[in-house]
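Undergrad:
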Amino acid sequence: MNNIQPGLASIIMPVYNGEQYLRQAIDSVLAQTCPHWELVVVDDGSTDSTSAIVHSFSDERIRYTYEQNRGQTTALNRGLELARGEYVTTLDADDWLNADSLQARVDCLAAHEESGVAYGDGYYCNAAGKPVLSFTGHMPSGQQGDVYDTLIVSPFYGTGAAVLVRRQILDQFQIRYDEAIDWCQDWDFYIRLAEKTSFVFTPVIAIFYRLHSSGMTLTMPTGRRLESLLRLRFKVLESPRFLAVLEGQKAAFFYDLLIKDLHERVRDQDRVFESPAFRSLSSPQASRLQRMTAIEYLLEKKQLNMVKKWLGAAWIRAPFDPKTALAAILCHLSPTLAQKVARKWKHAHDKNAQVSPFELAGASHGSANKV
0 MNNIQPGLAS IIMPVYNGEQ YLRQAIDSVL AQTCPHWELV VVDDGSTDST SAIVHSFSDE
60 RIRYTYEQNR GQTTALNRGL ELARGEYVTT LDADDWLNAD SLQARVDCLA AHEESGVAYG
120 DGYYCNAAGK PVLSFTGHMP SGQQGDVYDT LIVSPFYGTG AAVLVRRQIL DQFQIRYDEA
180 IDWCQDWDFY IRLAEKTSFV FTPVIAIFYR LHSSGMTLTM PTGRRLESLL RLRFKVLESP
240 RFLAVLEGQK AAFFYDLLIK DLHERVRDQD RVFESPAFRS LSSPQASRLQ RMTAIEYLLE
300 KKQLNMVKKW LGAAWIRAPF DPKTALAAIL CHLSPTLAQK VARKWKHAHD KNAQVSPFEL
360 AGASHGSANK V
């Protein structure tokens, strides 16, 4: 490990064929009002002009290393190996920093010695760089202190480039990026940090986050994204900290896992229903989630035997809940009628669906989320 230099902020930039926007990203680092930084560029096997662009800058604070292509997560860990700063953040080659980004977050940590992580606000931008939505306009805003319960449900920090971490915390608890996660690796990283330290928020606009069709999130196959997300989810479930999560946040976590992420994985869903973590929910919450999961299949006229099993179990968990009782009874008497009733419930729920920043930026691709 490198000797840590007090006061220095290390910016780790993993890049693969990033020539299109790379110069703007580096220029934004050079424009920082905080002069005490180093930019550690980890070239993950680029075949374009990435190297030439980096080497066109003569500032000695910019350090470049070329590695064989092994993916962004491995490049991030390589950057951590090379980083010498007391503070660490990241920056993708297609995004750019606000001029006060580093200084505001360094000052924030200096004023809050009890916290190991400081983060700011930012903007989602379209491919042309036009801001379309702030992070705090899309996700829970101003989260501070013990943020674990909120973070397992929402990556409220927006992107890793909005976050600044004390290197001492990373080394003390041996926290590194999980190289088995190709996507959402920063979310997993910050969840594990939230288990160990508190977060503090500064309202500065730290980062401009470009959403475009050639970005990693939109080009990575859906299956790979989902496998990474599921690894993150199950790591959370296995954490001793999870059982102490507040009931509402725990239910929100299971909603995402069961209804969004594990849909069409019936055996996995069934195992989750039998897990100690799920059983730690109150009976009404567990019943509601099991009913909602069953109804997703009922609407598709799939897995009717499992639907009946789950609705029956949900009814046992909450025998006096009228919606669960109605769904269970109708499903046994007339699945077609049960489906009609379920469709009305679903329509009422979907009215409150939130618009994705990808759609606002004109870079929508299914249900992808750049995390």
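Note that numbering that gives the first Met the number 0 has the sequence shown beginning at 0, numbered continuously upward. The beta-carbon is built from N, C-alpha and C at its ideal position, and this holds for glycine as well.
In whole angstroms, what is the alpha-carbon distance linking Val271 and Phe233?
TA: Start at 1 with the first residue of the sequence shown, and residue 271 comes out as number 272. Start at 1 with the first residue of the sequence shown, and residue 233 comes out as number 234. Distance between the alpha carbons of Val271 and Phe233: 10 Å.
Undergrad: Please list the segments of the alpha helix (DSSP H) lying wholly inside the segment 118-168, counting only runs of 4 or more residues, in order along the chain.
TA: Correct list: 147-150.
Undergrad: Whole alpha helix (DSSP H) runs in the segment 77-115 with 4 or more residues, listed along the chain?
TA: You should have 100-110.
Undergrad: Can you list, in chain order, the residues of its chain with a C-beta nearer than 6 Å to that of Glu178? Leave out the 5 residues immediately preceding and following it.
TA: Start at 1 with the first residue of the sequence shown, and residue 178 comes out as number 179. If we look at Glu178 and ignore the five residues flanking it on each side, its Cβ neighbours are Thr72 and Thr73.
Undergrad: Please list, in chain order, all residues of the same chain as Ala285 whose beta carbon is under 6 Å from its beta carbon, the five residues on each side excluded.
TA: Here residue 285 refers to the residue found at position 286 when the sequence shown is read from its first residue. Closer than 6 Å at Cβ, skipping near neighbours: Arg316.
Undergrad: Counting only the same chain and skipping the five closest in sequence on each side, list residues whose C-beta sits under 8 Å from that of Leu102.
TA: Indexing the sequence shown from 1 puts residue 102 at position 103. Checking the sequence, you will find Gln at residue 102 rather than Leu. These residues qualify, in order along the chain: Gln31, Thr32 and Cys33.
Undergrad: Give every residue of the same chain whose Cβ lies closer than 8 Å to the Cβ of Pro5, excluding the five residues on either side of it in the sequence, and list them in chain order.
TA: Along the sequence shown, read from residue 1 onward, the residue named residue 5 stands at position 6. Around Pro5: Glu85.
Undergrad: In whole angstroms, what is the alpha-carbon distance linking Thr201 and Ser282?
TA: Here residue 201 refers to the residue found at position 202 of the sequence shown. Here residue 282 refers to the residue found at position 283 of the sequence shown. Their backbone Cα atoms lie some 39 Å apart in a straight line.
Undergrad: Please return the same chain residues whose Cβ sits closer than 8 Å to the Cβ of Ser274, not counting the five positions on each side in sequence.
TA: Here the question's residue 274 lines up with position 275 in the sequence shown. Excluding positions up to five away in sequence, the list reads Leu236.
Undergrad: Indicate the three-state DSSP secondary structure (helix, strand or coil) for Val264 in the structure shown.
TA: For the purposes of this step, residue 264 is identified with residue 265 of the sequence shown, where counting begins at 1. For clarity, residue 264 is Arg in the given sequence; the question names Val instead. Arg264: coil per DSSP, three-state reduction.
Undergrad: Strictly under 9 Å for the Cβ-Cβ distance: is Pro321 near chain D by that measure?
TA: In the displayed structure, chain D is absent; only one protein chain is listed.
Undergrad: Run through DSSP, which three-state label would Ser286 get?
TA: On the sequence shown, position 287 is the one that residue 286 refers to. Ser286 falls in the helix class under three-state DSSP.
Undergrad: Does the Cβ-Cβ distance between Leu108 and Leu169 come in under 9 Å?
TA: Position 109 of the sequence shown holds residue 108. Position 170 of the sequence shown holds residue 169. Their beta carbons are not under 9 Å apart, which means Leu108 does not touch Leu169 by this criterion.
Undergrad: Kindly indicate the opening and closing residues of the alpha helix (DSSP H) around Leu332.
TA: Taking the sequence shown and counting its residues from 1, one reaches residue 332 at position 333. Pro321 to Leu332 is the span of the alpha helix (DSSP H), which, as asked, contains Leu332.
Undergrad: Please state whether the Cβ-Cβ distance between Pro154 and Asp181 is less than 9 Å.
TA: Your numbering for residue 154 matches position 155 in the sequence shown. Your numbering for residue 181 matches position 182 in the sequence shown. For Pro154 and Asp181, no; Cβs fall outside 9 Å.
Undergrad: Which residue from Thr221, Ser213, Gly115 and Tyr147 puts its Cα closest to that of Gln171?
TA: Sequence index remark: in the sequence shown, residue 171 carries index 172 (1-based). Here the closest residue by C-alpha is Gly115.
Undergrad: From Phe188 to Ile174, what distance separates their C-alpha atoms?
TA: As a working mapping, residue 188 is identified with position 189 in the sequence shown. As a working mapping, residue 174 is identified with position 175 in the sequence shown. Taking the straight line joining both Cα atoms gives about 7 Å.
Undergrad: In this structure, how does DSSP classify Ile294 when only helix, strand and coil are distinguished?
TA: Counting from one through the sequence shown, the residue named residue 294 turns up at place 295. Here Ile294 sits in helix by DSSP.
Undergrad: So, at 6 Å on beta carbons, what are the nonlocal neighbours of Asn68 in its own chain, with the 5 sequence-adjacent residues on each side left out?
TA: Locating residue 68 in the sequence shown gives position 69, where the first residue counts as 1. Answer for Asn68: Asp43 and Gly44, listed in chain order.
Undergrad: Within its chain, find whatever has a CB closer than 7 Å to the CB of Val306; leave out the 5 residues flanking it on each side and keep chain order.
TA: If you number the sequence shown from 1, residue 306 lands on position 307. Once the five neighbours on either side are set aside, the close Cβ partners of Val306 are Ala293, Tyr296, Leu297 and Cys330.
Undergrad: On the DSSP bridge list, what partners appear for Pro34?
TA: Taking the sequence shown and counting its residues from 1, one reaches residue 34 at position 35. Partner(s): none; Pro34 has no beta bridge.
Undergrad: Within 10 Å of its beta-carbon, does Gly222 have 16 or more other beta-carbons around it, so buried, or fewer, so exposed?
TA: Numbered from its first residue, the sequence shown carries residue 222 at position 223. When all chains shown are included, Gly222 counts as exposed.
Undergrad: Look up Asp43 in the DSSP assignment and say whether it is helix, strand or coil.
TA: Numbered from 1 along the sequence shown, position 44 holds the residue referred to as residue 43. If DSSP states are grouped into helix, strand and coil, Asp43 belongs with the strands.
Undergrad: Out of Arg166, Leu257, Thr158 and Ala327, which has the shortest C-alpha to C-alpha gap to Arg209?
TA: Walking along the sequence shown from the start, residue 209 turns up at place 210. The shortest C-alpha separation from Arg209 is found at Thr158.
Undergrad: Out of Ile10, Tyr254 and Leu310, state which residue places its alpha-carbon closest to the alpha-carbon of Trp95.
TA: Walking along the sequence shown from the start, residue 95 turns up at place 96. Of the candidates Ile10, Tyr254 and Leu310, the one whose C-alpha sits nearest the C-alpha of Trp95 is Ile10.
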